[in-house]
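Below: one structure, written as structure tokens.
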């Protein structure tokens, strides 16, 4: 299909706020040789769409939505060329291929993309913003498509390692064929999760477990010796540098040095916000924790235990998280405890379970001053708060002395979704029973609706009367 | 000396502010079996003493100062016992030993201390606060002395690895004897730097170079593959996962994967604040950077280059930093550039030298909203700000959306000085020509004065008319 229709139906937002209109809009054609035009088969409604919906100062009407899955219907003139200096998709992507995109465009070729920080590509744009029409439409134009899109029809072009997947795969087939097989068996509504919420959940979990302040628990060595850089020549700190035969709990390390006690190695983690992204973060976190002790050195994670407190004021969200935890494989649950609580229960529980010290790490997945403040109150001195929530124009709710006095570390910001796809696809394939199908109480997606319900759905979603909803533009 | 004098001379602060009195005060005796009484031979005046001096709401007068060096004159009844379940100093410390303490007490025995987070020991107290009399006195009581003190008379009890030191040591003697020899040759005014500013500088440098967001430059692998945890099974992101024979600049990794280009691996670092702690941070940073490529895997740092911009509005501080850089060994300068600038020059230089992307990491060593704001403006998306400055009651100067939009990571807070002693001693021994002697223009310490000058010195220090000053309580 090389000739596009002139008109389509799209969900458009109008300033200043709360004004959603389903109307006829022009189908955008190729405007740059790197563009692709995608026929949208499913489009997601995301919590961060509410920032636009509620009005955040935007003054230009536009097609909303940054989560979409579709089929390539037209490609720019830079496709079909065997140029190995460019992302492989420019050579391999074909009309008819099934594709998913991250929520932002990234060229995949600049300094920032080479570093893997694709979410902040200088050529990047957010789908569903005044600068780039969104995915809640029948057709969408994807700039820098060879860097941005992921080809679900040709997973062998994606060099995904499936160490975890294949180990849990019945067939002993090779990785790429197993992957093709696996992806083809996943519903479109689950594949759509790759566009934003699943990579964002993986990102949050990955940041917490890789932060230097968490390494003493993971390695069994005190800080700073636990660090992986610059300290290979370091002795243990004086107070810990003596073998301790009288202390049965002390673990003996190399050179007869006393390492941490078992009780010191409990990862106390909190997840603030149990919406769809929070659920993706929890599954990713449990998956990563289940791999502890598997690293080549055999050192990382052996002996670590965890205690995760999942927090949300909304009881239906808490119930869903409990149901999802129940259907997770036992391999995810062997090394620790997982508890679901409201805010007040969590404050009291964390205080009591940690002797008032606090959480090693907090995943903030809401994006509000209240959630940031709660995260600060829950985290321990020398703890970490990873915030993947989208924050607004308000000042952050911290005094300088509070951050100094607690030695808090923070990681803020947007998931580099395209760079996270390898891990996100692995989690999706491994836990597909959790990420679908629609209808079951554990599904992350409540329902699929036609565009004509969009105005009402946005209102219901804004009021918390409905969970994650997808649009079928052709329904 | 088991009987102490009843009276001593001390520098005392009186509320609400700017009220320093040199007066007779009682000599505190042992009040707990873990206490030690130290006769102070040198006491330092530190920038953070100005937070007290200027009045930060404290209402109780007390002896000020948290940097001191001295000799043990009396020990509590828990010393001299061979109890291997306790820090070794309870067995080995003797009256007459020369000791230095970190600026806070730490027990060295609790969960927090075992983790190495000694700066936040729940039993910890800050010397020179309403809760604990300070070091600008002739005698000081040191609680939890077996966990807190470092015995300079018996370095063999300190299991310091001297990989770097011995390699630069003329004698091929064993580590501990070399260390004893080395420490005995270091002036007291240089050893005093261990109490606060040198470990704090090492801490700032260590945090920046160990942060996950900096690992792509250090490892040559894109994020998240560059991470040292959880990703050993990961492929490179799609956009980078193709060998690139047509790109001579691309480095080939395992499995024929294209790694980062040389130009991607420049660590752009900024140091905000060139006071004594800033100088310690710079020397530590240059020392750590000189070791890149030396790790066992041979992977970390090989191929990395750096560009450090050192920033201060005070021209005399900038001149001193230039002089200190000039006397550093060539081994510290081989892998990058080091520039010294004022604030406006730095903003323009960082923008131009990084194509407006910004710094990989910023070390904030001032402790003011202005310095934090400058650090934010200088840092790149997915960059890191390590803040070791002591921050006050003001809100931090960031809107939530600013932190989200730049994907900023922060590490705030106090140095766990006791846990940093191993690295700090190594830096002191290796670079002793930089950290003394007094009188040379490169010295971190301007002069040593008697207590009777304290009132004037505090005023001059507050007004920036004098640099780092030490007090000799017996002068």
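Chains as they are written, first to last, in my numbering: chain C, 301 to 775; chain Z, 301 to 775. From the three backbone atoms N, C-alpha and C, an ideal C-beta is built for every residue, glycine too.
Closer than 7 Å by C-beta to residue i: which residues in its own chain qualify, once you throw out the five before and the five after it? Chain order, please.
i: residue 361 of chain C; result: 312, 313, 314, 315
i: residue 447 of chain Z; result: 387, 406, 407, 408, 409, 413
i: residue 555 of chain Z; result: Only weak support exists for where residue 555 of chain Z lies, its pLDDT of 44 falling under 50; the value from the coordinates is given anyway. The answer is none, since no qualifying residue turns up.
i: residue 767 of chain Z; result: 746
i: residue 491 of chain C; result: 369, 400, 452
i: residue 422 of chain Z; result: 410, 412
Say whether chain Z places a C-beta atom closer than 8 Å to the C-beta of residue i.
i: residue 636 of chain C; result: no
i: residue 470 of chain C; result: Residue confidence for residue 470 of chain C is low, a pLDDT of 36 falling below 50, so the modelled location carries little weight; the figure read from the coordinates is stated next. It does not; no Cβ of chain Z falls within 8 Å.
i: residue 704 of chain C; result: yes
i: residue 336 of chain C; result: no
i: residue 682 of chain C; result: yes
i: residue 546 of chain C; result: Reliability fails at residue 546 of chain C, whose pLDDT of 48 lies under 50, so the model's placement of it is uncertain and the value that follows must be treated cautiously. Yes, because at least one Cβ of chain Z sits closer than 8 Å to the Cβ of residue 546 of chain C.
i: residue 354 of chain C; result: no
i: residue 419 of chain C; result: yes
i: residue 396 of chain C; result: no
i: residue 700 of chain C; result: yes
i: residue 693 of chain C; result: yes
i: residue 765 of chain C; result: no
i: residue 713 of chain C; result: yes
i: residue 506 of chain C; result: yes
i: residue 332 of chain C; result: no
i: residue 696 of chain C; result: yes
i: residue 607 of chain C; result: no
Quick one: does residue i have its CB under 8 Å from some CB of chain C?
i: residue 361 of chain Z; result: no
i: residue 631 of chain Z; result: no
i: residue 429 of chain Z; result: no
i: residue 710 of chain Z; result: yes
i: residue 707 of chain Z; result: yes
i: residue 478 of chain Z; result: no
i: residue 436 of chain Z; result: no
i: residue 416 of chain Z; result: yes
i: residue 523 of chain Z; result: yes
i: residue 528 of chain Z; result: yes
i: residue 690 of chain Z; result: yes
i: residue 378 of chain Z; result: no
My assumption, with CB atoms under 8 Å, is that residue i sits in contact with residue j. Please give the rounded CB distance.
i: residue 589 of chain C; j: residue 600 of chain C; result: Not really, about 12 Å apart at Cβ, beyond 8 Å.
i: residue 307 of chain Z; j: residue 326 of chain Z; result: 6 Å
i: residue 365 of chain Z; j: residue 419 of chain Z; result: Actually they are not in contact, since the Cβ atoms of residue 365 of chain Z and residue 419 of chain Z sit about 18 Å apart, beyond 8 Å.
i: residue 682 of chain Z; j: residue 417 of chain C; result: 4 Å
Below 6 Å CB to CB, which residues in the same chain sit around residue i once its five sequence neighbours on both sides are set aside?
i: residue 523 of chain Z; result: 516
i: residue 499 of chain C; result: 715, 717, 720, 724
i: residue 497 of chain Z; result: 576, 577, 580
i: residue 509 of chain C; result: 588
Going by beta carbon distance, what residues of the same chain come within less than 8 Å of residue i, once the five residues before and after it are set aside?
i: residue 602 of chain Z; result: 520, 592, 593
i: residue 614 of chain Z; result: 574, 764
i: residue 606 of chain C; result: 566, 567, 568, 569, 589, 635, 636, 637
i: residue 749 of chain Z; result: 757, 769, 770, 771, 772, 775
i: residue 309 of chain Z; result: 322, 323, 324, 325, 437, 438, 751, 773
i: residue 737 of chain Z; result: 487, 489, 490, 743
i: residue 618 of chain C; result: 574, 610, 612, 640, 641, 642
Taking residue i as the reference, give the member of the options with the closest Cα.
i: residue 654 of chain C; options: C:563, C:359, C:442; result: C:563
i: residue 679 of chain Z; options: Z:572, Z:330, Z:727; result: Z:572
i: residue 584 of chain C; options: C:365, C:631, C:754; result: C:631
i: residue 628 of chain C; options: C:686, C:735, C:486; result: C:735
i: residue 604 of chain C; options: C:367, C:560, C:444, C:398; result: C:560
i: residue 507 of chain Z; options: Z:727, Z:304, Z:684, Z:732; result: Z:684
i: residue 760 of chain C; options: C:681, C:328, C:353, C:670; result: C:353
i: residue 329 of chain Z; options: Z:493, Z:645, Z:304; result: Z:304
i: residue 449 of chain Z; options: Z:504, Z:484, Z:397, Z:502; result: Z:397
Open item on the list: Below 8 Å, how does it come out for the stretch 389-396 of chain C and the stretch 418-437 of chain C: are there three or more Cβ pairs, yes or no?
Closed with: No, the stretch 389-396 of chain C does not touch the stretch 418-437 of chain C.
Open item on the list: Counting beta carbon pairs with one atom in the stretch 370-382 of chain C and one in the stretch 337-353 of chain C, are three or more of them shorter than 8 Å?
Closed with: Yes, they touch.
Open item on the list: Does the stretch 739-747 of chain C come into contact with the stretch 618-631 of chain C, if we say contact requires no fewer than three beta-carbon pairs (one atom in each stretch) closer than 8 Å?
Closed with: yes
- [ ] State whether the stretch 659-675 of chain C contacts the stretch 665-678 of chain Z, with contact taken as three or more CB pairs (one from each stretch) at a distance under 8 Å.
- [x] no
Open item on the list: For the structure I just gave you, are there three or more beta carbon pairs, one from the stretch 696-713 of chain C and one from the stretch 680-695 of chain Z, closer than 8 Å?
Closed with: yes
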